[in-house]
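Here you go:
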């Protein structure tokens with residue numbers, strides 16, 4: 001140190017020295033906080049495209065038409081009052097193969113999300129080589145150790161975390177979508193199966209009545225109380241009644257196979273056809289507002305994940321326009337392997353910053369950033385459309401459910417009237433005031449009305465299922481939970497081997 005500086009430091013007042021120390025500390029602190037400031041300044045904002053939603057549903061049933069309490073959305077299928085349906089839905093949620101795939105993808109996304117930031121942590125590699133030069137008189141064994149630590153400046157770290165988070169959110173939404181679909185499809189196929197069984201019974205009753213009409217008309221023709229060709233119309237009606245039995249029988253088989261597939265089985269349960277007709281669906285209100293769709297609909301969650309993914313891509317594209325900073329260290333040792341005596345190991349090392357500066361690329365990086373910005377805008381607009389489509393779908397489902405309720409009420413009144421008429425016809429037949437032909441006709445009219453009522457009940461049940469599927473209702477406590485694979489229990493050897501291999 002020069003004598004002049006030494007004298008200046010000795011004669012400087014303590015206050016000036018403290019001020020100089022404070023300035024140096026401030027300079028060090030500002031240099032330390034500079035990367036954080038750069039990262040914060042480069043944060044990519046996510047646009048909010050959530051449209052304004054109405055506070056209530058326009059097409060919901062009036063309060064006096066739905067006296068019962070709203071069913072629990074996490075178990076909406078229990079409103080049918082069918083224990084066998086409840087058991088089937090629980091089995092399907094646990095054993096369905098689509099849901100199992102979604103759970104596996106969710107586990108994968110969670111593992112990757114936990115290590116998303118590892119790309120910005122120090123990375124250490126070891127390497128060896130034994131280079132041989134034909135013109136050299138010695139051979140060396142080379143060992144090296146390289147370490148690189150990349151800094152996630154200019155919004156890169158945030159973009160990487162957002163990208164991993166979007167994949168996790170997407171996997172969670174796909175699992176929920178699978179659960180919503182499995183619950184709805186299981187209920188739909190079970191309702192279709194039970195209603196097809198009831199329709200087959202009614203059509204078989206109509207066929208028997210048509211056969212009775214043909215028998216009576218044949219007797220009258222044989223006794224010359226009617227024309228010989230008067231039996232042709234009853235015979236044609238009987239053939240039509242027999243042909244009508246094919247449709248419900250085919251629907252029964254299709255529903256059974258669909259249920260078996262939903263439950264991950266190779267063949268259906270024969271007991272599914274047995275049992276009484278399903279209970280009637282009770283009237284109930286709906287307690288969810290349109291804003292709840294933002295939380296429950298899996299397609300809205302998928303659209304949100306798409307916006308986050310687009311924001312992450314834009315953040316990475318913007319970060320690529322700026323220098324990439326890293327700190328690297330490399331150490332290398334070499335040993336002469338041709339020497340016949342012990343030699344010393346030669347080593348060399350280097351350490352310092354690594355800076356990758358984009359200088360000139362004909363505007364490619366900037367164009368990519370602008371393109372990713374347009375993709376983010378498109379993703380935000382797609383999210384807005386998804387929300388509006390969800391509201392429209394739910395409103396349509398509410399309207400359809402109310403219309404089917406009114407149709408079922410009208411068909412029930414018609415059936416009750418024709419059932420009373422058939423009962424009175426039975427009384428008149430017992431008193432000898434009418435014949436078998438009139439009794440068979442009244443039974444056919446009653447069973448035809450029962451078919452219409454059965455179709456109305458089935459359509460109303462399907463509208464109810466469509467409504468809660470539109471609401472995104474599913475058992476929320478199952479989200480991300482690893483249930484026991486029923487299919488693995490049925491064949492434990494192969495799935496166990498697959499699971500063991502996956503753990504390795």
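Numbering (full-length UniProt numbering), first residue to last: 1 to 504. Glycine included, every Cβ here is placed at the ideal spot set by N, Cα and C.
Practice task
Quick one: grab the DSSP three-state call for residue 297.
Solution key: Coil, per DSSP.
Exercise for the section: Whole angstroms is fine: what's the gap from residue 153's alpha carbon to residue 147's? Expected result: For residue 153 and residue 147, the gap between their C-alpha atoms comes out near 19 Å.
Practice task
State buried or exposed for residue 462, treating a residue as buried only when at least 16 other CB atoms are found within 10 Å of its CB.
Solution key: Residue 462 is buried by the Cβ-count criterion.
Handout entry: the region 291–299 in contact with the region 308–324 per 3-pair CB rule at 8 Å
Key = No, the region 291–299 does not touch the region 308–324.
Handout entry: Exposure of residue 163, with buried meaning 16 or more beta-carbon neighbours within 10 Å
Key = Counting other Cβ atoms within 10 Å of its Cβ, residue 163 reaches 16 or more and is therefore classed as buried.
Exercise for the section: Measure from the alpha carbon of residue 270 to the alpha carbon of each residue in 262, 279, 256, 276, then state which is nearest. Expected result: With distances taken between CA atoms, residue 270 lies nearest to 256 out of 262, 279, 256, 276.
Exercise for the section: Tell me residue 88's beta-bridge partners as DSSP assigns them. Expected result: Per DSSP, none; premise fails for residue 88.
Exercise for the section: Below 7 Å CB to CB, which residues in the same chain sit around residue 71 once its five sequence neighbours on both sides are set aside? Expected result: So the qualifying residues of the chain are 78, 79, 284.
Exercise for the section: Taking the CB atoms as reference points, tell me whether residue 198 and residue 258 lie closer together than 7 Å. Expected result: Going by C-beta atoms, residue 198 is not nearer than 7 Å to residue 258.
Practice task
Less than 8 Å between the CB atoms is what I'm expecting for residue 437 and residue 216, so what's the real figure, rounded?
Solution key: Residue 437 to residue 216, Cβ: 5 Å. Contact.
Handout entry: Short Cβ contact (7 Å threshold) for residue 420 with residue 209
Key = For the 7 Å CB-CB criterion, residue 420 and residue 209 do not form a contact.
Exercise for the section: Out of 279, 195, 234, 332, state which residue places its alpha-carbon closest to the alpha-carbon of residue 211. Expected result: In this structure, 234 is the residue among 279, 195, 234, 332 with its C-alpha nearest to the C-alpha of residue 211.
Handout entry: Distance between residue 426 and residue 206 (C-alpha atoms, nearest Å)
Key = Approximately 16 Å, taken between the alpha carbons.
Problem - Cβ contact (3+ pairs, closer than 8 Å) linking the region 165–181 and the region 102–118 - result: With three or more CB-CB distances shorter than 8 Å, the region 165–181 counts as touching the region 102–118.
Exercise for the section: State the CB to CB distance for the pair residue 398 and residue 60, rounded to an integer number of angstroms; the pair is presumed to be in contact (CB under 8 Å). Expected result: A Cβ-Cβ separation of about 5 Å places residue 398 in contact with residue 60 under the 8 Å criterion.
Handout entry: Residue interval of the alpha helix (DSSP H) (run including residue 454)
Key = 436–470 is the extent of the alpha helix (DSSP H) around residue 454.
Handout entry: Beta bridge counterpart(s) of residue 291 as assigned by DSSP
Key = Beta-bridge pairing by DSSP links residue 291 to no other residue.
Exercise for the section: Measure the alpha-carbon distance for residue 127 versus residue 358 and round it to whole angstroms. Expected result: Rounded to whole angstroms, residue 127 to residue 358 spans 29 Å at the Cα level.
Exercise for the section: State the Cα-Cα distance for the pair residue 373 and residue 381, rounded to the nearest angstrom. Expected result: Spanning the alpha carbons of residue 373 and residue 381 requires a straight line of approximately 13 Å.
Practice task
May I ask you to list the residues that DSSP assigns as paired with residue 191?
Solution key: As computed with DSSP, residue 191 is found in no beta bridge at all.
Exercise for the section: Give the DSSP-derived three-state secondary structure of residue 144 in the structure shown. Expected result: The answer is strand: DSSP assigns residue 144 an E or B state.
Problem - For residue 353: DSSP bridge partner residues - result: The partner list for residue 353 (beta bridge, DSSP) reads 327.
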